[in-house]
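Encoded as structure tokens, the structure appears first; notes follow it.
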Amino acid sequence: MAKQSISARTVNGWINDMDVTKSWIETEMVGHRGPDDYPSVIKIRCKVCSEFRERLKNVRNFSTAFIDGISSASLKRDNVKKA
């Protein structure tokens, strides 16, 4: 089964709105291009969360999804905001 992806163009719009300094959102892309001729993003993760993984892993209600990245059906703007 193929991984669900979203256009890099869409994700770049989210990044421009939520991460103006380009300091905390990291994306993983696949080589093929989508119908809009932009690469496809298959995973979005929090760079800061990854950097402080050891400190965060024991924090109450912290999800490792912020570190490992969200993918598939979770690739939605609202889920990126939660991270």
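With our numbering as the guide, the letters of the sequence shown map in order to residues 82 to 164. We put the beta carbon where it would ideally sit given N, CA and C, even for glycine.
Residue range 128-132 is occupied by the alpha helix (DSSP H) that includes Ser131.
In the DSSP assignment, Gly94 falls within the unbroken alpha helix (DSSP H) covering 89-99. Secondary structure at Lys103: coil, using DSSP grouped into helix, strand and coil. Non-local beta-carbon contacts of Ser104 in its own chain, meaning distances under 8 Å to residues more than five positions away in sequence, involve Lys128, Val129 in chain order. Bounds of the alpha helix (DSSP H) holding Ala146 are 146-149.
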